[in-house]
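Only one structure is covered here, and it is reproduced in the block below.
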Amino acid sequence: MANQEDLFKKIIAHAKEYGFVYPSSDIYDGLSAVYDYGPNGSELKKNIRDYWWKAMVQMHENIVGIDAAIFMHPTIWKASGHVDAFADPLIDNKDSKKRYRADVLVEDHIAKLEAKIDKEIEKAQKRFGDAFDVQQFKDTNPRVLENNKKIEEIKHRLYPAMEKNDMAGIKQLIEDLEIVDPISGSKNWTEVRQFNLMFSTQLGSTADSASEIYLRPETAQGIFVNYLNVQKTSRMKIPFGIAQTGKAFRNEIVARQFIFRMREFEQMEMQFFVQPGTEMEWFKYWKEERMKWHLSTGIDKSSFRFHDHDKLAHYANAATDIEFAFPIGFKELEGIHSRTDFDLGAHEKFSGKKLRYFDNELNESYIPYVIETSIGLDRMFLAMMSAAYTEETLEDGSERVVMKLPPFLAPTKVAIFPLLKKDGLPEKAREILTMLQEDFMCFYEEKDTIGKRYRRHDAIGTPYCVTIDHQTLEDNTVTIRERDTMKQDRISIDEIRGIVSQRLRER
Ligand code: ATP
């Protein structure tokens, strides 16, 4: 655990040092849970966004994209349930003065009990070897059974309390479980209060309540309210999807986890409209599709898992999270939800406009059901950074940090170095830069030794470095060096494009 915490700190420091992510308003000591992306970060983020868009929109003939405004009619958030229910229960510890999400304190307690069960299983597995039957062990081991019973009892109290907004019930649960502040170890808690996560502001110059609007807390509603416009103008037939990427804002209670939980972040969402009754089929389809997408980045399967929800949101009839093994533990990276006709139904009611679809084949009209896939771009960025960050000790005993990003996502594809800053080498190197930069993100660098330049590009994940030397002037060959193997080859200038293109196609 200490190692993982250490790793998280290293990634944050690396992200700042190499121009991936800076604290927002850094010269004013930052702004809590808000971050800026630097030159390498904005490239990586753009590449992830483009890759998602390509997989969802370009590769599906029945999915189209939109780009809705952040400001929306305030009644939308009434209809969606956000005004009344988009709140988290918060609690303060009077000794440490730290604020927590009360439900998360309880969830963390459950996670500890689950970890105990996993430990028991692991121990038994070692003891019994091949003959070990996990299910039988889970069904019979008294310690496992006891912890499972405790977990069930806690869930049995937590979920209904959350559902009914029973703040006193959650407080009682925290007291009964004797949950302590992870920082101070104290049990000196305040009451639990509901806190709405939406930011509000005023539209126009009159400051009456009628002009109060919200910064959208999710991009999905922009898709719902445009569903008929899009369906008609794109002549889409059910099943079809609408995709969108864009900023969302939440006044998160606890935001201490770098870009994992931010107050301003970016989402990539797709709503897939289907015939009622077929939603479970499509839910399964999108679960599998989205997992395939994650695995196509080359990250090992063991870093992902599904977490099916026991407790469903008011609008859902099935939900799962794709969780990723972040350095802070397995946590939600993407949500896949079967949202029924909740949203379109609510908008029909609140707007007074019919949002039905006439199905020619069935010869009837209905409000479509919706499967949603919703991923945080910043969380995906953090997942890629966490998976890519590698410290290596080389044969000569020196150390290097390499960002083993999939080449197609790397901020820079080719770094171009003249060996020396004279003898016509920079001019030749710039010729190569001009030749390649229209197709690939390139970086030209002539300062420092070649070794140092290699290290800098390892640290940002550049898959290829190309060095121009005196021999280049004679025979048009260069040295190309690959990031992961550090292998160097002498090739002709004409071959660079082919080698790089080939590598960028790897999925
Ligand atoms: P969590 O339980 O972590 O608060 P959520 O279940 O509220 O997340 P959703 O409303 O399903 O999240 O949002 C979809 C996705 O948006 C999440 O899977 C996550 O990747 C991303 N996301 C949500 N909140 C944040 C945030 N504050 N900062 C960064 N990304 C976020």
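Numbering of the sequence shown is given in this note's numbering, commencing with residue -3 and proceeding in unit increments. We treat Cβ as the ideally placed atom computed from N, Cα and C, and that holds for glycine. Just so it is clear, the structure is predicted and the values come from calculations on it, not from any experiment.
- Task: Give every residue of the same chain whose Cβ lies closer than 7 Å to the Cβ of residue 486, excluding the five residues on either side of it in the sequence, and list them in chain order.
- Result: 473, 475
- Message: If contact is defined by three or more beta carbon pairs under 8 Å, each pair taking one atom from either stretch, is the region 91 to 106 in contact with the region 169 to 179?
- Response: yes
- Task: Kindly list the residues whose CB is nearer than 8 Å to the CB of residue 91, restricted to its own chain and excluding five residues on each side of it in sequence; keep chain order.
- Result: Excluding sequence neighbours, residue 91 sits near 177, 180, 182, 184.
- If we ignore side chains and look at the alpha-carbon of each, how far apart do residue 468 and residue 381 end up? When rounded, the distance between both Cα atoms is 35 Å.
- Output yes or no for whether 9 Å exceeds the beta carbon distance between residue 87 and residue 97. yes
- Message: Based on DSSP bridge pairs, tell me the residues matched to residue 335.
- Response: According to DSSP, residue 335 bridges with nothing at all.
- Is the region 288 to 307 close to the region 263 to 270, with three or more CB pairs under 8 Å? no
- Query: Can you list the beta strand (DSSP E) stretches of 3 or more residues lying completely in the region 209 to 275, in chain order?
  - Reply: Entirely contained in the region 209 to 275, the beta strand (DSSP E) runs reaching 3 residues are, in chain order, 236 to 245, 260 to 270.
- Query: Are residue 14 and residue 36 closer than 9 Å when you measure CB to CB?
  - Reply: Cβ atoms of residue 14 and residue 36: closer than 9 Å.
- Unbroken stretches of the beta strand (DSSP E), 3 residues or longer, contained in the region 12 to 73: Secondary structure within the region 12 to 73: the beta strand (DSSP E) runs of 3 or more consecutive residues, fully enclosed, are 17 to 19, 31 to 33, 59 to 61 (chain order).
- Residue environment, residue 126, which counts as buried when at least 16 other CB atoms sit within 10 Å: exposed
- Query: What did DSSP end up calling residue 404 once you bin it into helix, strand or coil?
  - Reply: If DSSP states are grouped into helix, strand and coil, residue 404 belongs with the helices.
- Query: Is residue 106 near ligand 1, with its Cβ less than 8 Å from a heavy atom?
  - Reply: no
- Per DSSP, residue 88 is paired with what? 95
- Query: With DSSP run on the structure shown, which of helix, strand or coil describes residue 186?
  - Reply: coil
- Taking C-beta to C-beta, are residue 12 and residue 377 nearer than 9 Å? no
- How about residue 350: is its Cβ closer than 8 Å to a heavy atom in ligand 1? no
- residue 311 (DSSP reduced to helix, strand or coil): coil
- Inter-stretch contact (C-beta, 8 Å, three-pair minimum) for the region 318 to 335 and the region 296 to 310: yes
- Item | residue 420, enclosing alpha helix (DSSP H) - first and last residue | Element bounds for residue 420: n/a, residue is neither H nor E.
- Query: Can you tell me the Cα-Cα spacing of residue 394 and residue 462, whole angstroms?
  - Reply: 22 Å
- Message: Please classify residue 354 as buried or exposed, where buried requires at least 16 neighbouring CB atoms within 10 angstroms.
- Response: exposed
- Message: Three Cβ pairs or more, each shorter than 8 Å: is that satisfied between the region 206 to 216 and the region 109 to 122?
- Response: no
- Is residue 210 near residue 197, with beta carbons less than 9 Å apart? yes
- In three-state terms, what does DSSP make of residue 393? coil
- Where do the N-terminal and C-terminal ends of the beta strand (DSSP E) with residue 305 fall, by residue? First-last for residue 305: undefined, no H or E at that position.
- Query: Looking only at C-alpha atoms, which of 241, 242, 227 sits nearest to residue 235?
  - Reply: 227
- Message: Please report whether the beta-carbon of residue 285 lies at a distance below 9 Å from any beta-carbon of chain D.
- Response: Here chain D cannot be found, since the structure has a single protein chain.
- Query: Under three-state DSSP, which class holds residue 192?
  - Reply: strand
- Task: Quick one: which unbroken alpha helix (DSSP H) runs of 4-plus residues sit fully inside the region 348 to 392? Chain order, please.
- Result: 373 to 384
- Which of the three DSSP states, helix, strand or coil, is assigned to residue 437? coil
- Task: Per DSSP, which residues does residue 460 bridge with? Please list them.
- Result: 410, 478
- With distances taken from CA atoms, which of 82, 257, 160, 111 is nearest residue 372? 257
- Message: Can you tell me whether residue 492 is buried or exposed? The criterion is at least 16 other CB atoms within 10 Å of its CB, across all chains shown.
- Response: buried
- Item | Cross-strand partners of residue 103 (DSSP beta bridge) | Per the DSSP secondary-structure output, residue 103 pairs with nothing in a beta bridge.
- Task: In angstroms with no decimal places, state the Cα-to-Cα distance between residue 89 and residue 296.
- Result: 39 Å
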